[in-house]
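These protein sequence lines are chains A and B, in that order.
Quick note: the first sequence uses UniProt numbering, first residue 1, plus one each step.
Quick note: the second sequence uses UniProt numbering, first residue 1, plus one each step.
2 protein chains.
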Amino acid sequence: MPGRVLCVGLCCIDIVQICKEFPGEDSDQRSIECQWRRGGNASNNCTVLSLLGAECSFFGNVPDNLFWKFAKENFDFYNIDTSHCVIYDGSYEFPLSTVIVNSQNGSRTIIHSNKNLPDVRADDFSKVDLSQFSWIHIEGRKSEELHKILKIAQNHASCIETTVSVELEKKRDGLLELAQYASVIFISKDFAAHHGWLDMCAAIEGMKQHVQKGATIICPWGDLGAVAYRSDVGLVRSPSYPPPEVVDTLGAGDTFIAATIFSLLKNTSLQQAIDFGCRTAGAKVGGKGFDVIKDKQNIS
Amino acid sequence: MPGRVLCVGLCCIDIVQICKEFPGEDSDQRSIECQWRRGGNASNNCTVLSLLGAECSFFGNVPDNLFWKFAKENFDFYNIDTSHCVIYDGSYEFPLSTVIVNSQNGSRTIIHSNKNLPDVRADDFSKVDLSQFSWIHIEGRKSEELHKILKIAQNHASCIETTVSVELEKKRDGLLELAQYASVIFISKDFAAHHGWLDMCAAIEGMKQHVQKGATIICPWGDLGAVAYRSDVGLVRSPSYPPPEVVDTLGAGDTFIAATIFSLLKNTSLQQAIDFGCRTAGAKVGGKGFDVIKDKQNIS
C-alpha cells in the first residue's frame, strides 16, 4: 500500500446535467438526469486515489454551509480525510460549477463560479503536519500564497522523502512560475495551448527550461494518450485506452493525475505510471462519476 | 386595481450563470456572476403581475425542502400568495434549471430537470376557492389531470365573470387539445414551429380551428413583436420594444404573458394589451431578473 497523499486545492459542487445533446444557444431542453456531485480538481484527485486504495487527505478552504455538509458527507463516504480543511463562515459562498454532459459523446462543458471564497493561505498550510504524507499534490492557481505554499512543501520535501507535484491546467498567465517548486509537474492540453505548444512533445520541450533539474514533466493529451519526461529516463509515451462507449468525461484529467501519482508512489517506472494513468482515465470515461474505476476489471 | 389572478403551473429553482460568451462544447469557463432565482413560467408570471401591481396567487406542487424555503421567501418578498400550494414531502426533488445567460446578447439557454415531482392534480385544484379570482392562468402541460383542471376552471368561469387563459409553449404533442377550455390562449414561437406554423400569422390561422368561438389567440414572436386575434376585433399587432442593450432574456415570454393579462384585466383593447405586453417584455430584457420593470419609466 503506498503512503498517504495530500491534495491541495479546490472543492466545489458540480451540478451535472446529463443531456441528449449539447444545447444550441437560446434553446430549452429537459435533461436526462441531474446529479449533484462533489467536484474540484484536488477533491476529485482524492476520490480517485481513495478508490484505487491510497490513503489521502484533502486540504482546501470551505465555507460552512449546507454544500459543505453535502461535500463533507461525500468525502467521508470515500474515506478521505478533511481534518486539515480551513472552514470559513457561511457568509462565503461555496464554489459551484454547472456542467453539461453530452450523453452522445461524453463531452463535459463547465461553467464555474466562485464568488468570494479566498484561495488557500500559506499560514493555514503551514499548520498542517506534513510528515505524515509521502506525496503532496498541489492544484496550480495564480496566487502569491500558492508560491509560499509550494515553498513550504519544497522545504519539507528536501528534508524528508516526500514528492511534491503541481498541476498546471488553466489557460492563464502566472502558473508557469509554479513549476520551479515541484519535482513532478502535470501540464494540461489547455495550459500547453496557452503557451503556444501545439502537441505533447512541444509541451514537454517547452516546459523543460522551467523546471528543477531532474524533475518529471507529465502531459496527458485526451485521446492521444500521454507523454512524460525525466532527464534520466528520456521521453516515454502511453496510448489512450478508450472504453467501448465514452459516457462522461468530467474529471477524466483528475483521474489521470491521481492514478499516475498512485502508480509512482508504488515505485513503478515512469512509463508504467502514465500507462496506468491512461488506463484508469479510460475506465472512468466509460461510466458516470468515478465509481466505475472501483471495479479493477474496468481498468483495461 | 385589477382583480386577483391565479397562476397554475411550475415553480423551479433557476441556477443562472451569466457568462462572457456562450460556451463551446467541452470548454471550461468562469462565469461573470452566478445567481439563484425562483423560476418556472407560472411562478414568473406571478412575479411580473405583482410588480405591475396586481394581487396574485401561485398554485403548484412543491416539495418541502430547502429550495422551497428559498422559493417561499422569495414569493413572500414579492407579495405573492402561495397558500393554495400542495406541499409534497422532502423525498421529492425540487425542479431545477441550469441557465446560461450570454451577456453579449442576453440569450438564455435552459436545461431543465424534474426528477419525480408529479404534475398538479385536479383533486387538489378543486379545493381552491376560485371565487376570489378574476383571472385563472394555466401553464399548459401534457397531462390528463390538466384537462380536468381546465374543465373545473371553465365550469367556474361559465357561472362567474372570470377569464381562463392557457399558455401553450413547449414543442410537444398533447398541448393543442388544451386550447378548447380557455377563452384566452397564448402560443409561443416554439409551439407554433412544432405545428408547422412558420410565422405569427400562420400560427393564428392554424390555432383558429382549435379554440372556442370568441376566444382570443395571442402569439408573441420575440423581436418581431406580437399578434393577437379575436373574431370581433380581427387581427391586431404590436411591434417589439427592444431596450438600448439586451441583457437577460430569461423570463421574457413570461413577462409578456403577465403584462398582457394585467392589461386585459383593466379592460383595455386587445391591441393595447399586447402593446403593453411587448413594452414590458422589452423593459425586462434590458435588465437582470424582473425588478427592472418595477420602475415604470423602463416600460417605454
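Glycine is no exception: its CB is placed at the ideal position from the N, C-alpha and C atoms.
Within the stretch 103-131 of chain B, S107, R108, T109, I110, I111, H112, S113, N114, K115 place their CB atoms closer than 8 Å to a CB of chain A, listed in sequence order.
In chain order, S57, F59, V128 place their CB closer than 7 Å to the CB of H84 of chain A, counting only its own chain and leaving out the 5 sequence neighbours on each side.
The shortest C-alpha to C-alpha distance from N45 of chain A to any of A:Q271, A:T260, A:D275, A:P220 is the one to A:T260. Assigned with DSSP and collapsed to three states, E245 of chain B falls in coil, not helix or strand. Here the C-alpha atom of K288 of chain B lies approximately 20 Å from the C-alpha atom of N116 of chain A. In this chain, V292 of chain A is not harboured by any beta strand (DSSP E), its DSSP state being neither H nor E.
Within a 10 Å sphere around the beta-carbon of S238 of chain A sit 16 or more other beta-carbons, which makes this residue buried. For T163 of chain A, no chain B residue has a C-beta closer than 8 Å to its own C-beta; the minimum C-beta separation is roughly 27 Å.
Within the stretch 29-51 of chain B, the residues whose Cβ lies closer than 8 Å to some Cβ of chain A are Q29, R30, S31, E33, C34, listed in chain order. Going by DSSP, G253 of chain B is part of the alpha helix (DSSP H) stretching over 252-265.
Straight-line measurement puts the Cα of F77 of chain A at about 26 Å from the Cα of S91 of chain A. When secondary structure is reduced to three states using DSSP, Y181 of chain A falls in the helix class. Taking the Cα positions, I204 of chain A is about 15 Å away from D232 of chain A. DSSP lists A:C19 as the bridge partner or partners of N102 of chain A. Close partners of Q17 of chain A in chain B (Cβ separation under 8 Å): T98, I111, S113. Here F75 of chain A has T82 as same chain residues with Cβ atoms under 6 Å from its own Cβ, once five neighbours each way along the sequence are excluded. Runs of beta strand (DSSP E) with 3 or more residues, each lying fully within the stretch 28-71 of chain B, are found at 28-30, 33-39, 56-59, 61-63, listed in chain order. A direct Cα-Cα distance of roughly 13 Å separates Q17 of chain A from Q104 of chain A.
Short of 8 Å from the beta carbon of V211 of chain A, and not among the five residues preceding or following it, lie these beta carbons of its own chain, in chain order: A179, Q180, A182, I185, I217. Bridge pairing for L6 of chain B: B:S57, B:I136 [DSSP]. Counted as a single uninterrupted DSSP element, the alpha helix (DSSP H) harbouring V285 of chain B occupies residues 270-285. Note: L96 of chain B is bridge-paired with B:I13, B:S113 in the DSSP secondary-structure output. In summary, N61 of chain A is buried, with 16 or more beta-carbon neighbours lying within 10 Å of its beta-carbon over all protein chains present.
Taking C-beta separations shorter than 6 Å and ignoring five residues to either side along the sequence, the partners of F256 of chain B in its chain run P220, G277, A281, following chain order. Per DSSP, reduced to three states, the secondary structure at L168 of chain B is strand.
Burial state of S131 of chain A is exposed, judged by a 10 Å Cβ sphere holding fewer than 16 other Cβ atoms.
If you draw a straight line from the Cα of C11 of chain B to the Cα of I110 of chain B, it comes to about 15 Å. Chain B has no Cβ within less than 9 Å of the Cβ of G286 of chain A.
Distance check between A283 of chain A and each of A:P118, A:G251, A:I187 places A:G251 closest, using alpha-carbon atoms only. Secondary structure at S131 of chain B: helix, using DSSP grouped into helix, strand and coil. At least 9 Å separates the CB of L10 of chain A from every CB of chain B.
By the CB criterion at 9 Å, I136 of chain A and A122 of chain A fall outside the cutoff.
Not one beta carbon of chain B lies nearer than 9 Å to the beta carbon of K72 of chain A.
Against chain A, the CB of D190 of chain B has a partner CB under 9 Å away; the residue lies at that interface.
In the three-state DSSP reduction, I152 of chain B falls in the helix class (H, G or I). The beta carbon of E93 of chain B sits closer than 7 Å to the beta carbons of P63, K115, N116, L117 from its chain, once the five residues preceding and following it are set aside; these are given in chain order.
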